[in-house]
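What follows is a single structure, written as structure tokens, with notes after it.
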Amino acid sequence: MEGRFVRVELSIGDFLRRAALVYPTRVAVVDETLVPFSLGTLSYASLAARASTLASRLEALGVPLGGRVAIVSPNSARFLIAFFGVSAYGRVLVPINFRLNAEEISYIIAHSGAEVVLYDPELREVMAGVDHATTICLDGVGDQGWFDETSDLPAPTAWAGREDDTCSINYTSGTTARPKGVQLTHRNCWLNATTFGWHLGVSDRDVLLHTLPMFHCNGWGMPYASTAMGARHIVIRKIDGEEILTRVEEHAVTLLCCAPAVIASVLEAGRLRREAGRSLPGRDRVRVVVAGAPPPSKIIERVEDELGWEFVQIYGLTETSPLLTINRAPSEWDELGAAERSLLLSRAGVPAVGVEIAIDQDGEVLARANHVFAGYWEQPHETASALAGGWFHTGDGGYLDGAQLTITDRKKDVIITGGENVSSIEVEDCLFQHPAVAEVAVIGIPSEKWGEAVTALVVLRDGHEVSAADLIEHCRASLAHFKAPQTIEFRQELARTATGKLQKFKLREPFWAAATETSRDRA
Ligand code: AMP
């Protein structure tokens, strides 16, 4: 009956509000100290005050509720402030991959309709090529009065929005040449953060090292979960194995999230430390959460054995905020040997609370959850096909063994290299623009360092010549560098179906078969 119950809309603002109320004096964030524009060490009261200043500033500028605010930046305390200063006051944050080039960034800014663009000073050169009226450089000068603890402006209007309102739009490279804007609602982000935090047991004693880019699906929602609990955030800009070990030691880090390539670099740094007779930090204290690609079980074994860190795997997508499944060793595995445990941990895991997983007749993984996105920004057709039949279609191939999901392959044409998505179609489009290229297929091939390496198989036009190096340079000139092929192979023809469609699985097959043989030989 109306008026008989109180319904409180979920807002990610709840997280910082609670932290500032319960832990006002506690250290919230230690910003990167290696840059001159560092904000240093901030308490939760300070973080909340600065988020409020940012909101006041946006309000004073006339950015309306629902207006978009883009940020192009490596991890920083300002980014953490922006999560709340923008979204908690009813505006929409658009985090942009800072490795993109000016044209790619411009596309996202225009497509999202961002009214303000916040950018890191180290991106000045790239941003010079971005045409936008309101760009704010986050260097302590250009952003004076934007991130301060105190402000002359009136306090921002408290937001009384709905939980289904958009919290952020996260652009992700997928099956189309241009990235799509994944609209995550407050409800999506709130439930992802709390469910994720619950599964990982995030508490006020945690110290989170930001090894995952904050732009990538809002750092998987971990900045929200950690803030809600009053945990400490440690910002790191340079993602390097030894640097990570140093911070883990210095700040008594307990938690980090990363792609398999990053954990591989930590293991390598650990190996060098041990050879030099140095100790490794974090044994029996750190849990590391890995996703983005299936990590080899040998890597898992080394993380648990050499570093003594707990290895947790999750599986999900930007479209699912991201948590779908989690593989965290249950008590039943305590007595197992390292090799056996690692094999079990190399699967994607079991559904998180509130998630349903199914496999369709083509072997595609489908998901239903409270944190499945609202849709692709201004792309109703793409949204309808991704959500057809009331399930989210992941584009990943896999199978279920009881509750355990294993991801076997990718049905969509996306390459994941070093944790970043690359659309094969976008790279193919770019190569096609070269006059010497007649046909091209861009595929991901196994790479120990990157998980997958972008590779182009190219058929040249009759009478044309071009070197692999020139084609790579051609791509680097118009695409973000991480998207450019690392290898080009010239072919006489490419495998196609009777209807002329490229058979990418056939093109990929020999590379992956060779990799499986190598790893079998090593084992
Ligand atoms: P993104 O939207 O950028 O987070 O990328 C999501 C994609 O990463 C998924 O569709 C999968 O292809 C891949 N992925 C994420 N986690 C895993 C995992 N644990 N195992 C295998 N692939 C994964």
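Under the numbering used here, residues 55 to 577 are what the sequence shown spells out, in order.
Even glycine gets a Cβ: it sits at the ideal position worked out from N, Cα and C.
Please report the residue range of the beta strand (DSSP E) in which residue i lies.
i	result
Thr509	Gly505 to Leu514
Ser601	Past the edges of the chain, shown from 55 to 577, lies residue 601, and the structure says nothing about it.
Val256	Taken as a continuous stretch (DSSP letters only), Val256 belongs to no beta strand (DSSP E), as it is neither H nor E.
Pro500	Val491 to Ser501
Ala168	Ala168 to Tyr173
Gly540	Before going on, a small fix: residue 540 reads as Gln here, not Gly. First-last for Gln540: undefined, no H or E at that position.
Thr239	Lys234 to Thr239
Pro13	The requested residue 13 does not occur in the structure, where the chain is confined to residues 55 to 577.
Cys271	From DSSP, Cys271 is part of no beta strand (DSSP E); its letter is neither H nor E.
Where does residue i sit, in a helix, a strand or coil, going by DSSP?
i	result
Phe559	helix
Tyr161	helix
Thr79	coil
Arg464	strand
Val184	coil
Leu64	coil
Ser222	strand
Ala522	helix
Ala567	helix
Ser127	coil
Asp455	strand
Val140	helix
Phe133	helix
Ala421	strand
Ala212	coil
Gly33	Residue 33 lies beyond the range of the chain shown here (55 to 577); nothing can be said about it.
Ala549	coil
Going by C-alpha distance, which of the options is nearest residue i?
i	options	result
Glu360	Arg337, Leu377, Lys292 and Val508	Arg337
Ala607	Ala114, Thr95, Tyr143 and Pro90	Summary: the structure shown does not reach residue 607, with the chain confined to residues 55 through 577, and so no result is reported for it.
Gln198	Val513, Asn151, Val83 and Arg132	Arg132
Ile354	Ser333, Ser227, Leu371 and Ala383	Ala383
Ser141	Asn151, Met268 and Cys221	Cys221
Ser319	Leu525, Arg332, Val146 and Arg356	Arg356
Ile380	Ser477, Ala490, Ala538 and Leu254	Leu254
Gly94	Val180, Ile290, Asn242 and Ser166	Ile290
His264	Val307, Gly121 and Ala438	Val307
Glu304	Met276, Glu322, Ala315 and Leu334	Leu334
Lys352	Ser532, Glu502 and Tyr77	Glu502
Glu296	Leu321, Ala82, Ala282 and Ala182	Leu321
Ser110	Asn129, Gly139, Ala73 and Trp387	Gly139
Ala209	Glu113, Gly121 and Asp193	Glu113
Ala212	Ser478, Ala279 and Arg71	Arg71
Ile413	Gln458, Met276 and Ser385	Gln458
Ser97	Phe91, Tyr225, Leu88 and Val83	Val83
Val426	Glu179, Thr437 and Gly417	Thr437
Pro118	Arg145, Ser92 and Ala103	Arg145
Along the chain, where does the alpha helix (DSSP H) containing residue i start, and where does it finish?
i	result
Thr300	Gly295 to Glu304
Leu399	Ala392 to Leu399
Glu358	Element bounds for Glu358: n/a, residue is neither H nor E.
Phe486	Ser478 to Phe486
Arg327	Pro314 to Glu329
Pro277	Met276 to Met283
Legend entry - Whole beta strand (DSSP E) elements within the segment 69-117, 3-residue minimum: 81-84 and 95-97
Legend entry - Stretch pair the segment 63-80 + the segment 161-177: three plus CB contacts closer than 8 Å: no
Inset, instruction - Assess, as a yes-or-no matter, whether the segment 385-398 is touched by the segment 197-212 under the definition of 3 or more beta carbon pairs within less than 8 Å. - result: The way I'd put it, the segment 197-212 doesn't touch the segment 385-398; fewer than three beta-carbon pairs between them come closer than 8 Å.
Inset, instruction - Decide yes or no for the touch test of the segment 527-547 against the segment 506-514: beta carbon pairs closer than 8 Å, at least 3 of them. - result: yes
Inset, instruction - Determine contact between the segment 439-449 and the segment 472-479, defined as no fewer than three beta-carbon pairs at a distance below 8 Å. - result: no
Inset, instruction - State whether the segment 420-437 contacts the segment 455-472, with contact taken as three or more CB pairs (one from each stretch) at a distance under 8 Å. - result: No: the two stretches stay apart, fewer than three of their Cβ pairs being nearer than 8 Å.
Legend entry - Touching by the beta-carbon criterion (3+ pairs, under 8 Å), the segment 239-254 and the segment 267-281: yes
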